[in-house]
Amino acid sequence: MDQETERIPKRRKLDRDEPQPNSEPSTLDDWAVSSNDALCLRLVRPEDMDSEIDIFHPLFTYPVFGMEETINGYQNLKIKLYYAAGSLATYVGISYDNRRESNGSQQPDDIMALLSEKLPPGFAVDYDEFMQTVQEDEKTFVPFGTKIHEFDSDGDVSYEVYKCNFKTPGFKEYHRRLQVFLLWFIEGASFLEENDERWEMVLLFERQKKDEKNIYSIVGYATYYPFFHYPDRKRMRISQFIILPPYQARGLGERLYKVLYNDFFQRSDVAEMTVEDPNEAFQDLRDKCDLSWLIEQDAFAGLQPPVPGPTVKELATRFKLSKRQLERCMEMALLRNLKLKDKKAYQAYRMQVKRRIFRQNEEALMGLEKELRLEKLDETYVAVEEDHRRILERLK
């Protein structure tokens with residue numbers, strides 16, 4: 019089986035439904051609200067008690083409110099789903115201007131019941147009670163697991179990375195609160211099977227000093243699973259990777275990925291790191307981080323296209339990347355150093371990339387007439403080169 023399409027062990031699949039306000043209720047649509055707009059997420063600290071800043075909205079709500087991402091039966095609906103920034107103690111508050119009366123089959127959606135299917139039990143519905151918990155948690159919360167890395171940022175802010183699994187004391191309960199964010203921001207996300215203790219996670223926390231005490235806030239996390247790699251090692255597959263919206267666009271995703279890769283690279287029991295079905299944004303992050311690291315290590319020094327297959331295999335093994343990912347990074351590095359005026363070298367480069375494209379799509383391409391097959395190969399090559407150049411621009 020292809021290493022990049024190997025299936026992850028079973029995870030529990032999820033579901034979605036939501037609304038949008040209108041002034042004078044007369045039709046069913048007047049009572050329909052976008053759930054993406056209505057749901058307000060927030061990481062709360064004690065000083066935020068009376069503030070409404072830093073609210074962010076989900077990208078997806080279908081796992082909770084249905085495929086239409088619509089909530090029916092309300093006008094000017096607002097759902098507050100707030101979390102203590104460190105412990106993720108949870109508050110749910112629901113407000114609206116009007117609620118449609120039940121009328122036969124037209125029942126207002128039971129928002130609290132729908133949320134309760136995905137949220138772990140024990141969330142607060144009283145805001146004052148929640149804020150009291152937030153204040154207590156700021157004094158007492160510390161991250162779970164083993165710290166494996168830390169780095170500084172501007173000012174008084176630092177970051178720490180912790181490694182956990184489902185055997186880590188108290189972590190299962192914490193993870194049940196944390197994993198709900200996946201529903202809102204990763205399309206097709208599903209919950210992990212807690213009974214499989216082979217799952218591992220790394221969590222990134224922001225650390226601030228307050229009255230000589232460390233105050234922690236969750237920033238993001240990644241999950242990964244070990245597969246058997248012949249003869250006696252592991253292939254680590256990254257399954258889920260998220261940086262929460264308040265911390266995005268700060269380079270923290272790249273920092274977390276590099277910590278994770280470095281951990282795998284240093285471990286003697288790990289032979290390879292792969293990724294399960296990466297979306298475009300994560301693939302970009304992965305390409306940039308892997309390519310930067312490989313260039314820093316002079317992995318491709320002296321190489322000219324076409325690069326022999328055994329060399330590609332040796333580099334993939336040495337740097338613990340899948341052959342496909344190593345080839346992509348190598349193509350970018352070769353393109354970066356290529357002099358386009360050297361037509362012979364450019365032709366050799368094109369042929370190397372086309373051979374990889376053909377190898378990975380052989381079955382589909384061989385089903386086409388020769389002329390159409392060559393046309394599709396050319397089209398795909400052009401798209402691949404453009405994408406490689408886009409990633410190279412991000413390295414500058």
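Everything in the sequence shown is counted per the numbering used here, starting at 19 for the first residue and increasing by one.
Glycine is no exception: its CB is placed at the ideal position from the N, C-alpha and C atoms.
Here the structure is a predicted model, which is why all the values come from computation and not from measurement.
Annotated three-state conformation of D72 is coil, per DSSP. The three-state secondary structure of A103, taken from DSSP, is coil.
In this structure, the CA atom of Q284 is about 55 Å from the CA atom of Q93. Rounded to whole angstroms, R354 and A319 show a C-alpha spacing of 12 Å.
For L270, the CB contacts under 8 Å within the same chain, skipping 5 residues up- and downstream, are Y177, L222, V237, G238 and I261 in chain order. In the pairwise beta carbon analysis, the segment 176-196 is classified as touching the segment 205-216: at least three pairs are separated by under 8 Å. In the DSSP assignment, V325 falls outside any alpha helix (DSSP H) and carries neither an H nor an E. Rounded to whole angstroms, the Cβ separation of S113 and K96 is 5 Å, and the two are in contact under 8 Å. Approximately 7 Å separates the beta-carbon atoms of L59 and P76; this is inside 8 Å, confirming the contact. N280 counts as exposed, since fewer than 16 other C-beta atoms from the protein chains shown sit within 10 angstroms of its C-beta. For the pair R118 and W217, the CB atoms are not nearer than the 8 Å cut-off. Cα atoms of V51 and K181: separation of roughly 40 Å, rounded to the nearest angstrom. When C-alpha distances from I233 are compared across L99, A103 and K394, the shortest belongs to A103. For P244, the secondary structure class from DSSP, reduced to helix, strand or coil, is strand. Nearest C-alpha to G163 among V179, A382 and D405: V179. Closest in alpha carbon position to T88, among N54, A107, D72 and I71, is N54.
Excluding residues up to 5 positions away in sequence, A366 and Q370 lie with their Cβ nearer than 6 Å to the Cβ of P324 in the same chain. Here E205 carries a coil assignment [DSSP, helix/strand/coil]. Residue pairing for V288: DSSP places it in a beta bridge opposite K252. Sixteen is the threshold: when 16 or more other Cβ atoms of the shown chains lie within 10 Å of the Cβ of R225, as they do, the residue is buried.
Here L383 is near R391, since their CB atoms are less than 8 Å apart. In the structure shown, N355 adopts helical secondary structure according to DSSP, grouped into three states. Looking only at L303, E332 and T329, the smallest Cα-Cα distance to R412 is reached by L303. L309 and M350 do touch by the CB rule: their CB atoms are close to 5 Å apart, below 8 Å. With contacts defined as CB atoms closer than 8 Å, Q258 and L200 qualify as a contacting pair.
Taking all protein chains in view, the Cβ of K227 is surrounded by fewer than 16 other Cβ atoms within 10 Å, so the residue is classified as exposed.
In the displayed model, V160 falls within coil according to three-state DSSP, outside both helix and strand. For T335, the three-state secondary structure derived from DSSP is helix.
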